[in-house]
Structure formats: C-alpha cells, structure tokens
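Numbering (full-length UniProt numbering) for the sequence shown: 1 to 151.
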Amino acid sequence: MMHMHHDTDSLTALPCICTALRKASRAVTRAYDEVMEEAGMSVAQFSILRHLARHGPLPLSRLAELLVMERTTLYRALGPIERHGWVTIAEGAGRAKIATLSPAGHQAIADATAGWAKVQTAMLEQIGADDWQELEAALARIVAATRECGA
1 MMHMHHDTDS LTALPCICTA LRKASRAVTR AYDEVMEEAG MSVAQFSILR
51 HLARHGPLPL SRLAELLVME RTTLYRALGP IERHGWVTIA EGAGRAKIAT
101 LSPAGHQAIA DATAGWAKVQ TAMLEQIGAD DWQELEAALA RIVAATRECG
151 A
C-alpha cells in the first residue's frame, strides 16, 4: 500500500475526516430515529435486529465485529432489546454468549420497516442511487483503513 506523507499545513487545511463523518452520522441517525420512534425503537436497535435476521444466531463478539461496535457498547445496547423480548441471549461454547432473534424481534423489524423505508427512500432520492453506491464503497474503505491505522 502506498503511504502518503503530508506536511502539517496541508493536513490542517483539510476538514477532519472524523468530524465530518460524525456530523453526517449524527444527522442521518437523527432522521432515521425520528420516524422509527413510532415503532418504539432506534435505528441502532433496528440495525442489530437486522444483522441477526440476516446472519442468524451469533456470538456477541461476532455481532459486535459485524456492526463495527465495541463489545461493551453492544452489550449495553442489547439490554433494552432483550427486555423487549426481541432477542434472547444464551450461553454458547466456553464463555461465549449467543444472540438469537426472537419471533417478537422479527415482528419488531416488520413494524419498524415502514419508517426505515421512508427515510431510506428520501435519502436515496436526495443522494442518488449511483452516488450512494460510491459512498457506501468509500465508507467500507474507511472502515478497512481504520484497521490499517491501528484502530
């Protein structure tokens, strides 16, 4: 991989990658959360449930990895989800714990999908499908780059 060297002046002239991504993330999260509130869940909870729907039962460490989330953050997020009965957490091999989507979790996804789809459609109309595909690919590269940076 080619490494680029920049002097401090050229680095400080560019917007901070972290700040720009965090701003965008907060704005997008707010938009999804506002419409999904009717279904009684946040977009973060919806994301966890959809990952379990897609991948089936998962060890919590693997689920955290797929979500690019710290395990402790995932554990805190799972508390309300488990209390709603949307997931079950069971003992796995060794010290592992396994998250499984419950029938109530499948229903919760179905109940929240209309709100999610409303924002998803509006965002795609604003961004454009082609630009979204390019941005999504760039975001995947950013996630991969964080591993190269020692994150």
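Cβ coordinates follow ideal geometry from the N, Cα and C atoms, glycine included.
Please read these numbers as outputs of a predicted model, since none were measured by experiment.
The straight-line gap separating the alpha-carbon atoms of Leu-124 and Asp-130 is approximately 9 Å. Secondary-structure assignment with DSSP links Ile-89 through a beta bridge to Ala-99. In this structure the stretch 67 to 85 does not lie against the stretch 109 to 125, because fewer than three pairs of beta carbons, one per stretch, are closer than 8 Å.
Contact annotation, Tyr-75 with Leu-58: C-beta distance approximately 14 Å; criterion of less than 8 Å not satisfied. For Pro-15, the three-state secondary structure derived from DSSP is coil.
The shortest CA-to-CA distance from Ser-42 to any of Leu-21, Lys-23, Thr-19, His-84 is the one to His-84. DSSP places Glu-82 in the uninterrupted alpha helix (DSSP H) bounded by 71 to 83.
Classified as exposed, Val-28 has fewer than 16 neighbouring CB atoms from the shown chains inside 10 Å of its CB. Out of Thr-12, Leu-52, Gln-133, Cys-16, the CA that lies nearest to the CA of Trp-86 is found in Leu-52.
Taking 8 Å as the cut-off, the beta carbon of Leu-21 is found no closer than this to the beta carbon of Ile-109. The beta carbons of Val-143 and Tyr-32 sit no closer together than 8 Å. Counting along the chain, the unbroken alpha helix (DSSP H) around Ala-137 starts and ends at 129 to 148.
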